[in-house]
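Q: Please see the structure below; I have some questions.
Residue numbers (this note's numbering): 9 to 554.
Written as structure tokens, this is what we have:
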């Protein structure tokens, strides 16, 4: 593609200032660090050497680091341009005059040790002196996550997203340092790499268009660890989940995750019979979890927390949300496009798997409880007393009142906690109103709503799940404080009529997930985890509870 704007190239530099003893990351496989005294590693990955920019065009400067880096300072010659105290370490240089400049980055670790990157030369020219150039594609590495680890000889999915306004992407090539791992010419741009040998590996993806313009992702450092010869990787000890469990997600009848208070994440590979702890890296209360396949998933929670994993939860990486609001819901329609919602009317959207998040205007100051998108364009958000819908991916949101006439003849406003939509027109909200639970269901995109109240006595629904096109489940509680009981109901007609189901516990339930019309799980207070394999006719208490 041709235009009149000078391109900037983001091909990664594979030269790194690495301590001789192997204390930092490197561009090819090497030994993991053996002591904590090794200085940090730093590489300028953008811009690439000999890049050209116009006067007035911003110059993005980005690095990849290794070790306990606390600050990165950016220099033009001997002049310090800026410093960044948090990862990802980056700086946008604006106002660069015409000339040739030498850029470097200096990494400082938490002990004060310093490493300087190799210099990168760039040229800034007057736009009147240049003709049209070809702008390269944009490319994002979706996985694995920077800082993740994998056992030697294990299969690892390496995946990228590449886009070009004129659809001229010729292919994406994946590299381990300077070594090509393979090239994919059509989306999805994905390879399966046998992770070997043990040591550090610097993985990146390079997208090229039909005219040869190329762009690279920043490098993701992955550590390949050694497993005992002839033996499988060590199995983590099983645990008994406890505390308040808020969210649950399964990708099939065996593999699933549960999240809750104090940053707790538990995983299972046998349908919930046994559970293992995964390190979230946070103590924030976690609200919801979603996986789009067995390795790629996200978690949201308090203080603007968004976590992502690209290896099934072996490593959870914090993402920059740009907010400190409580995040209560998330919905991904594929591996790259998703939304999260939460306090103060917060709605955030990503198109790159969570690497960046863009706020969307909700025109609401309320806490938004849940979000459900049926397609990349059609989605719904529920909140305190209102329903929001969009048909353009969230560029605009339509507000509807949740006011309704209760069975007592009194008008009430519903406060929603969860939602599931199967299509642009069919979906269900669950929540509560003054004194009882409430379920809203529509089959015409919200033009008309079926409203059902099943229980009074301070009942509330807290989660809803879809098993197939007609079978749904809602979970919650009835009662106040210590005087309460579990509440589970099911619908077999798409949410228009509901019946109660019995449960072997009295604990309030917070989340529910089904993988079919027969198999599902629900989680709640005091480590409660229930499973059904017959559509809820019987629920079994699993290895949870305190």
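Idealized CB from N, CA, C, for every residue including glycine.
1) Comparing alpha-carbon positions, which option in 550, 375, 103 and 432 lies nearest residue 538?
2) Using a Cβ-Cβ cut-off of 6 Å (strictly less than) and excluding sequence neighbours within five positions of residue 110, which residues of its own chain qualify?
3) Within 10 angstroms of the Cβ of residue 211, are there 16 or more other Cβ atoms? Answer buried if so, exposed if not.
4) Assuming the contact rule is C-beta atoms closer than 8 Å, residue 71 and residue 125 should be a hit. Round their C-beta distance to whole Å, please.
5) Got a sec? Which residues, its chain only, sit under 7 Å from residue 532 by beta carbon, not counting five neighbours each side?
6) Report yes or no: do the stretch 199-208 and the stretch 174-190 share at least 3 C-beta pairs separated by less than 8 Å?
7) Residue 132 and residue 1 - do their beta-carbons sit closer together than 9 Å?
8) How is residue 84 classed by DSSP in three states: helix, strand or coil?
9) Label residue 119 either buried or exposed according to how many other C-beta atoms from any shown protein chain fall within 10 Å of its C-beta, with 16 as the threshold for buried.
10) To the nearest angstrom, report how far apart residue 123 and residue 231 are at their CA atoms.
11) Answer yes if the stretch 266-278 comes into contact with the stretch 327-342, meaning at least three C-beta pairs across the two stretches below 8 Å, and no otherwise.
12) Return the CA-CA distance between residue 108 and residue 182, expressed in angstroms with no decimal places.
13) Are there any heavy atoms of the ligand ADP lying less than 8 Å away from the beta-carbon of residue 306, as far as the coordinates show?
14) Leaving out five residues before and five after residue 525 in sequence, what residues of the same chain have Cβ atoms less than 7 Å from its Cβ?
15) What whole-angstrom Cβ distance do residue 297 and residue 307 have, given they're in contact under 8 Å?
16) Are the beta-carbon atoms belonging to residue 147 and residue 171 less than 9 Å from one another?
17) Under the DSSP definition of a beta bridge, which residues are partnered with residue 406?
18) Assign residue 390 to one of three DSSP states: helix, strand, or coil.
19) Let me check one thing: in DSSP terms, what residues is residue 161 bridge-paired to?
20) Go through its chain and collect everything with a Cβ distance to residue 238's Cβ below 6 Å, but skip five positions before and after it.
21) Would you kindly work out how many angstroms separate the C-alpha atoms of residue 361 and residue 112, rounded to a whole number?
22) Span of the beta strand (DSSP E) holding residue 224?
23) In its own chain, which residues sit with a C-beta less than 8 Å from the C-beta of residue 88, not counting the 5 before and 5 after it?
24) Given a cut-off of 9 Å, decide if residue 250 and residue 435 are closer than it, judged by their beta-carbon atoms.
25) Report the option in 502, 512, 447 and 472 whose CA atom is closest to the CA atom of residue 494.
26) Look at residue 364 and residue 385 and say whether their C-beta atoms are less than 9 Å apart.
27) Taking C-alpha atoms, which residue in 449, 338, 95 and 60 lies nearest to residue 294?
28) Considering only their Cβ atoms, is the gap separating residue 374 from residue 387 smaller than 9 Å?
29) Anyone know if the C-beta pair for residue 289 and residue 357 falls short of 9 Å?
30) Measuring only the C-alpha atoms, how far is residue 312 from residue 95?
31) Using the DSSP secondary-structure output, state which residues sit across from residue 71 in a beta bridge.
32) Give me whichever residues DSSP pairs with residue 132 in a beta bridge.
33) Whole angstroms is fine: what's the gap from residue 432's alpha carbon to residue 457's?
34) Quick check: the Cα distance between residue 463 and residue 486, rounded to an integer number of angstroms?
35) Are there 16 or more other CB atoms within 10 angstroms of the CB of residue 545, so buried, or fewer, so exposed?
A: Put simply:
1) Sequence index remark: in the chain shown, residue 538 carries index 530 (1-based). Looking at the Cα atoms, 550 is the closest of the given residues.
2) Residue mapping note: residue 110 aligns to position 102 of the chain shown, counting from 1. Here the set comprises 85, 127 and 129.
3) Taking the chain shown and counting its residues from 1, one reaches residue 211 at position 203. With 16 or more Cβ atoms within 10 Å of its Cβ, residue 211 is classed as buried.
4) Position 63 of the chain shown, counted from the start, is the residue given in the question as residue 71. Position 117 of the chain shown, counted from the start, is the residue given in the question as residue 125. So it is a contact: roughly 7 Å between Cβ atoms.
5) For the purposes of this step, residue 532 is taken as the residue at position 524 of the chain shown. Excluding positions up to five away in sequence, the list reads 253, 515, 516, 517 and 518.
6) Yes, they touch.
7) Residue coverage of the chain in this structure runs from 9 to 554, which leaves residue 1 outside it and unanswerable.
8) Along the chain shown, one-based indexing puts residue 84 at 76. Strand.
9) The residue given as residue 119 occupies position 111 in the chain shown. Residue 119 comes out exposed.
10) As a first step, residue 123 is located in the chain shown; it is residue number 115 there, counting from the start. As a first step, residue 231 is located in the chain shown; it is residue number 223 there, counting from the start. A straight line joining the alpha-carbon of residue 123 with that of residue 231 spans about 21 Å.
11) Two segments are said to touch when three or more pairs of C-beta atoms, one from each, lie closer than 8 Å; by this definition the stretch 327-342 does not touch the stretch 266-278.
12) Counted from its first residue, the chain shown places residue 108 at position 100. Counted from its first residue, the chain shown places residue 182 at position 174. Rounded to the nearest angstrom, the two C-alpha atoms are 31 Å apart.
13) In terms of ligand content, the structure shown is empty, and the ligand ADP therefore cannot be addressed.
14) As a first step, residue 525 is located in the chain shown; it is residue number 517 there, counting from the start. 475, 476, 479 and 543, listed in sequence order.
15) Start at 1 with the first residue of the chain shown, and residue 297 comes out as number 289. Start at 1 with the first residue of the chain shown, and residue 307 comes out as number 299. That pair is a contact at about 5 Å.
16) Numbered from its first residue, the chain shown carries residue 147 at position 139. Numbered from its first residue, the chain shown carries residue 171 at position 163. For residue 147 and residue 171, yes; Cβs fall inside 9 Å.
17) Mapped onto the chain shown, residue 406 falls at position 398. Answer is 397.
18) Start at 1 with the first residue of the chain shown, and residue 390 comes out as number 382. Residue 390: strand per DSSP, three-state reduction.
19) Looking up residue 161 in the chain shown gives position 153. Within the DSSP secondary-structure output, residue 161 pairs in no beta bridge.
20) Reading the chain shown from its first residue, position 230 is the one you call residue 238. Only weak support exists for where residue 238 lies, its pLDDT of 45 falling under 50; the value from the coordinates is given anyway. Result list for residue 238: empty, nothing under 6 Å.
21) Residue mapping note: residue 361 aligns to position 353 of the chain shown, counting from 1. Residue mapping note: residue 112 aligns to position 104 of the chain shown, counting from 1. The straight-line gap from Cα to Cα measures roughly 30 Å.
22) Sequence index remark: in the chain shown, residue 224 carries index 216 (1-based). Judged by DSSP secondary structure, residue 224 falls within the beta strand (DSSP E) whose first and last residues are 222-224.
23) Here residue 88 refers to the residue found at position 80 when the chain shown is read from its first residue. 81 and 82, listed in sequence order.
24) Looking up residue 435 in the chain shown gives position 427. Looking up residue 250 in the chain shown gives position 242. No. Outside cutoff.
25) The count along the chain shown starts at 1 and reaches residue 494 at position 486. The alpha carbon of residue 494 has as its nearest neighbour, out of 502, 512, 447 and 472, the alpha carbon of 512.
26) Reading the chain shown from its first residue, position 356 is the one you call residue 364. Reading the chain shown from its first residue, position 377 is the one you call residue 385. Against a cut-off of 9 Å, the Cβ pair of residue 385 and residue 364 comes out as no contact.
27) Translated into the one-based positions of the chain shown, residue 294 becomes position 286. The residue with the shortest Cα to Cα distance from residue 294 is 338.
28) For the purposes of this step, residue 387 is taken as residue 379 along the chain shown, with counting starting at 1. For the purposes of this step, residue 374 is taken as residue 366 along the chain shown, with counting starting at 1. No, the Cβ-Cβ distance between residue 387 and residue 374 is not below 9 Å.
29) The count along the chain shown starts at 1 and reaches residue 289 at position 281. The count along the chain shown starts at 1 and reaches residue 357 at position 349. It is not a contact, given that the beta carbons lie outside the stated cut-off.
30) Residue numbering aside, residue 312 sits at position 304 when the chain shown is read from its first letter. Residue numbering aside, residue 95 sits at position 87 when the chain shown is read from its first letter. Taking the straight line from one Cα to the other gives about 16 Å.
31) Locating residue 71 in the chain shown gives position 63, where the first residue counts as 1. According to DSSP, residue 71 bridges with 52.
32) In the chain shown, residue 132 corresponds to position 124, counting from 1. In the DSSP output, where bridge partners are listed per residue, residue 132 has 61 and 107.
33) Translated into the one-based positions of the chain shown, residue 432 becomes position 424. Translated into the one-based positions of the chain shown, residue 457 becomes position 449. Those two C-alpha atoms are separated by around 14 Å.
34) Translated into the one-based positions of the chain shown, residue 463 becomes position 455. Translated into the one-based positions of the chain shown, residue 486 becomes position 478. Their Cα atoms are separated by approximately 8 Å.
35) For this step, residue 545 is matched to residue 537 along the chain shown. By the 10 Å Cβ count, residue 545 comes out exposed.
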